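Asks:
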Amino acid sequence: MTVHRMQKPLLTIALLLFLLALPRCSGISPLSPTDTLSDLVYAYNHHNFANAKSIYKSCLHPSYTFHFRDEDVGTTVGDYDIPETWTRSKDTVATGLLFDNVQSITLSIPMVD
Numbered sequence: 036m037t038v039h040r041m042q043k044p045l046l047t048i049a050l051l052l053f054l055l056a057l058p059r060c061s062g063i064s065p066l067s068p069t070d071t072l073s074d075l076v077y078a079y080n081h082h083n084f085a086n087a088k089s090i091y092k093s094c095l096h097p098s099y100t101f102h103f104r105d106e107d108v109g110t111t112v113g114d115y116d117i118p119e120t121w122t123r124s125k126d127t128v129a130t131g132l133l134f135d136n137v138q139s140i141t142l143s144i145p146m147v148d
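For the sequence shown, the numbering used here assigns the number 36 to the initial residue and increments by one for each residue that follows.
#1: DSSP three-state label for Phe101, please.
#2: Assuming Asn80 and Thr141 are in contact, meaning their beta carbons sit under 8 Å apart, how far apart are those beta carbons, in whole angstroms?
#3: Distance check for Leu66 and Ser73, CA to CA, integer angstroms please.
#4: Drop a sphere of 10 angstroms on the beta-carbon of Tyr115, count the other beta-carbons inside from all chains shown, and report buried for 16 or more, exposed for fewer.
#5: Distance check for Met146 and Leu57, CA to CA, integer angstroms please.
#6: DSSP state of Thr120, grouped into three classes?
#7: Could you tell me whether the Cβ atoms of Tyr99 and Arg123 are closer together than 8 Å?
#8: Using CA coordinates, which residue listed in Val108, Asp105, Thr69, Phe101 is at the minimum distance from Thr130?
#9: Could you give the distance in angstroms between the alpha-carbon of Val108 and the alpha-carbon of Pro118?
#10: In terms of residue numbering, what span does the alpha helix (DSSP H) encompassing Pro68 cover?
#11: Could you work out which residue in Pro97, Thr120, Leu95 is closest to Asp105 when comparing CA atoms only?
#12: Per DSSP, Asp112 is paired with what?
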């Protein structure tokens with residue numbers, strides 16, 4: 036395929052516009068709350084992509100703590116007793132297992148969609 040001289044700038048512009056339209060999902064630390072939510076939605080909705088786990092992890096601050104509801108703490112699910120909290124490490128492992136073991140996830144956050 037031969038690309039004519041006038042087509043090269045148009046292809047470059049089209050590619051740039053396409054890349055700008057993609058969701059920001061680089062796996063680097065999100066820059067704003069909206070970036071964080073966008074990356075979170077992307078990670079869940081594309082959980083089968085190789086980079087989904089690292090994108091999810093990038094949404095969580097290193098000192099992140101997930102707090103279970105008081106009424107769930109101590110409940111046994113299978114062989115697992117629900118603790119009061121999860122660290123970032125435990126959360127990312129559990130979410131990674133979720134990503135690996137489901138066929139489909141759809142997460143929608145109205146302010147991000």
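Just so you know, even glycine gets a beta-carbon here, dropped at the ideal spot from N, CA and C.
What you are looking at is a predicted structure, and each value in this text was computed from that prediction instead of being measured.
Replies: A quick look at the data gives this:
#1: strand
#2: 6 Å
#3: 11 Å
#4: exposed
#5: Below a pLDDT of 50, predicted positions are generally treated as unreliable, and Leu57, at 45, falls in that range; the measurement from the model is reported next regardless. Taking the straight line from one Cα to the other gives about 17 Å.
#6: strand
#7: yes
#8: Phe101
#9: 5 Å
#10: From DSSP, the alpha helix (DSSP H) with Pro68 extends over 68-80.
#11: Thr120
#12: The residue you asked about is not Asp; residue 112 is Val in the sequence shown. Among the bridge pairs identified by DSSP, Val112 is matched with Tyr115.
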